[in-house]
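In the numbering used here, the protein residues as written are 520 to 652.
So this is what it looks like as C-alpha cells:
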C-alpha cells in the first residue's frame, strides 16, 4: 500500500483494538493494568499492525496518538493538555521504535525501549495524578 492510507488504517485499527483490550484489562485489574499491561499491548499493536500493513511505524503511532488525543480531549475534564500529551508521547514511542529498528535491523530493541518508556510515562502520570487529586 502506498501513501498515508495504510498508516491511517493501521493506526486506527490499533486504537480500536487497544480501546477494547484496555477497557477489559482495566475492568479486570484496575489501575495496575494501566502501569504495565496497557503500554505493552498498545506498543505491540501499533508496531505489529504497521508491519502487517507494510507502512510507516512512525505514522502509525502518530495516527494512534491523534485518535487517543481526540478521545482524551472529549472525555477528560482536565482539558486539552492530556490530549496533546497523548499525541506527543505516542509519536515519541513511534520514533523510538523506528529508530531501534533502523539501527539494529530488528524491531524488538526499539519496541522494548518504547514499551519501557511508555510504562515509565504511565507510572509518572498516574502517580502525579494521584497526588494532585
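All residues carry an ideal CB built from backbone N, CA and C; glycine is no exception.
Rounded separation between residue i and residue j - CA only
i, j, result
"residue 616", "residue 632", "7 Å"
"residue 619", "residue 626", "7 Å"
"residue 630", "residue 566", "8 Å"
"residue 540", "residue 589", "19 Å"
Residue closest to residue i, alpha-carbon to alpha-carbon, out of the options
i, options, result
"residue 628", "644, 568, 562", "562"
"residue 527", "580, 634, 593", "580"
"residue 644", "558, 547, 536, 529", "558"
Residue i beta carbon near the ligand FMN (any heavy atom closer than 6 Å)
i, result
"residue 564", "The ligand FMN is not part of the structure shown, which contains no ligands of any sort."
Under the three-state DSSP convention, the category residue i falls into
i, result
"residue 647", "helix"
"residue 549", "coil"
C-beta contact flag for residue i and residue j at 7 Å
i, j, result
"residue 549", "residue 576", "no"
"residue 584", "residue 569", "no"
"residue 564", "residue 537", "yes"
Ignoring anything shorter than 3 residues, give me the beta strand (DSSP E) runs that lie fully in the stretch 553 to 641, in order along the chain.
With a minimum length of 3 residues, no continuous beta strand (DSSP E) run stays inside the stretch 553 to 641.
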